[in-house]
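Participant:
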Amino acid sequence: MVRPVFVYSDALMGYNMGTQHPMQPRRLRQTFDLLDSYGAFESEIELREPTPADFDEVAETHSAKFLEAIELLSKGGRSSGSSRFGFGSGDNPIFPGMYESAMLYTGATLNAVDAVLAGASVGINISGGLHHAHYDRAAGFCILNDCAVGIRRLRRRYARVAYVDIDVHHGDGVQELFYDDPTVLTISLHESGRTLFPGTGFVYESGEGEGVGYSLNLPFAPYTPDAIWIQAWRDSALLILKAFQPEAILLQMGTDAHVEDPLAHLCLTAQGWLEAIKDVVGLGVPIVAVGGGGYNMKTVTKMWSLATLTLSGIAHEDATPDSFTMHNEIPTLTDHYEIELAEKDRKRSQDFAEESVNEIRDTHFAKFGL
Ligand SMILES: [Zn+2]
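Note that the working numbering has the sequence shown beginning at 3, numbered continuously upward.
(1) Comparing C-alpha positions only, which one of L252, I72, L268 sits nearest to V176?
(2) With respect to the alpha helix (DSSP H) encompassing G274, which residues constitute its N-terminal and C-terminal limits?
(3) Using a threshold of 6 Å, is the CB atom of G295 nearer than that to any non-hydrogen atom of ligand 1?
(4) For the beta strand (DSSP E) containing R50, name the first residue and the last one.
(5) Please state whether DSSP places H366 in a helix, a strand or coil.
(6) Since L311 is in the alpha helix (DSSP H), which residue starts that stretch and which ends it?
(7) Out of Y206, P95, L30, point me to the one whose CA is closest to L220's CA.
(8) Any idea what DSSP makes of V124, helix, strand or coil?
(9) Report yes if the CB atom of A291 is closer than 7 Å to the CB atom of I126, and no otherwise.
(10) Of the residues I316, G293, A317, which one's Cα is nearest the Cα of W306?
(11) Which whole-angstrom value is the C-beta distance of P52 and N147, which I expect to be below 8 Å?
(12) Whose CA, out of V60, F87, T63, lies closest to the CA of I72?
(13) Confirm, please, whether the CB-CB distance from V163 to T108 is below 7 Å.
(14) Name the two residues that bound the continuous beta strand (DSSP E) containing Y101.
(15) Measuring alpha carbon to alpha carbon, tell me which residue in R157, I189, R155, G215 is nearest H366.
(16) By the DSSP assignment, the alpha helix (DSSP H) with S39 in it spans what residues?
(17) For the region 253 to 260 against the region 122 to 137, are there 3 or more C-beta pairs whose distance is under 8 Å?
(18) Note down the Cα distance separating S65 from R28, rounded to an integer number of angstroms.
(19) Check each candidate in D58, A61, D56, G99 and name the one with the smallest Cα separation from K77.
(20) Where D183 and I153 are concerned, what is the direct C-alpha to C-alpha distance, given to the nearest angstrom?
(21) What is the C-beta distance between I279 and T312, in whole angstroms, given that I count them as a contact (C-beta under 8 Å)?
(22) According to DSSP, is N330 helix, strand or coil?
(23) Measuring only from the beta carbon, is V170 closer than 6 Å to any heavy atom that is part of ligand 1?
(24) Can you tell me where the beta strand (DSSP E) holding I251 begins and where it ends?
(25) Assign E2 to buried or exposed, taking buried as 16 or more other Cβ atoms, counted over all protein chains shown, within 10 Å of its Cβ.
(26) Hey, would you say A110 sits closer than 7 Å to S129, going by beta carbons?
(27) How would you label R80, buried or exposed, when you count the other beta carbons within 10 angstroms and need 16 or more for buried?
(28) So is the beta-carbon of D258 under 6 Å away from any non-hydrogen atom of ligand 1?
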């Protein structure tokens, strides 16, 4: 029996866009520490050191010119096209060593893929999930699209691979990179592009050419709570995911749909969000799980820990261990409060979700025999 693999070392914290940037690398170490305090790495999960991705393999997903520009900027060189490649804005600052650190988080996703290819039921890289990176442009805190690189390696073995993205932002980079590919089903649940970055992810974006039907978007209105989110997923995307019969799944586990996350407006709890992950586990297919967004340093830490324990099938107490250094700040893995929504917001999110599901029925169900 091959154990679940968790790819981590503190070197992954080198992907650091600065102290004022919302994406704080300490969320990685905090998650590791919380899992470690549960004893997760004693026998149940194998901890593996990440290794950098190889230029040629990454160049199957990104343009060589883009990779060369990253390498140059990373060394402190000047590239006249840096803004053309998406760098220099507040979202994507240039920082020393960014080439090496981007290659490392991408390599860590490939290490998680390799674990699955070697027979593990799950391989996890919380430093990955950087779903906004495009073919030749950094975007939304993402330089390299490790999700796409990982999917390509999975495709060498598996005929059909599904990508499931529960980050609050649309997984635009991954969708774009497989838009005409019927062997990769991309599914993204997110807050609507009308109210949130990157402004895409509408149901009508369903693929092109051979890939028509194989891009699936399930958008939600601001303030959507657990019950509406999970019901819409089960009534549409989950049915299509099952009908597609993927041989492997790459799961992007951004935690920024949580009610306490500062960058978006959905109202999920940790345990509500986890329901979708449990549904994916229930399919019994090998899973490569990566991180993604998560900008509240407490909720991201507990949600990735909860997800890792669940994906690995490890029974655990909800109360975090006393030995965890942040035990007082993060006393439990799940949330213990009721979210009070204004009736108009609840109604609006319900209507919006129903509309998304109905549109998906019209655009996608026939293709999958549903
Ligand atoms: Zn996000």
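In this text, a Cβ means the ideal position worked out from N, Cα and C, and glycines have one as well.
Facilitator: From the atom records:
(1) L252
(2) For G274, the uninterrupted alpha helix (DSSP H) run begins and ends at 272 to 283, by DSSP.
(3) yes
(4) Element bounds for R50: 48 to 50.
(5) helix
(6) 299 to 313
(7) Y206
(8) strand
(9) Yes, Cβ-Cβ distance for A291 and I126 is below 7 Å.
(10) G293
(11) Not confirmed; about 17 Å, so no contact.
(12) Per the Cα distances, F87.
(13) no
(14) Looking at the DSSP string, Y101 is not in any beta strand (DSSP E); the run it does join, the alpha helix (DSSP H), is 100 to 119.
(15) G215
(16) 28 to 39
(17) For the pair of segments examined, the region 253 to 260 was found to touch the region 122 to 137: the number of CB pairs separated by less than 8 Å reaches three.
(18) 30 Å
(19) G99
(20) 12 Å
(21) 6 Å
(22) coil
(23) Because some heavy atom of ligand 1 lies under 6 Å away, the Cβ of V170 counts as near it: yes.
(24) 250 to 254
(25) Residue 2 lies beyond the stretch modelled for the chain, which goes from 3 to 372, so this question has no answer here.
(26) The Cβ atoms of A110 and S129 lie closer than 7 Å to each other.
(27) exposed
(28) Here the distance from the Cβ of D258 to the nearest heavy atom of ligand 1 is below 6 Å.
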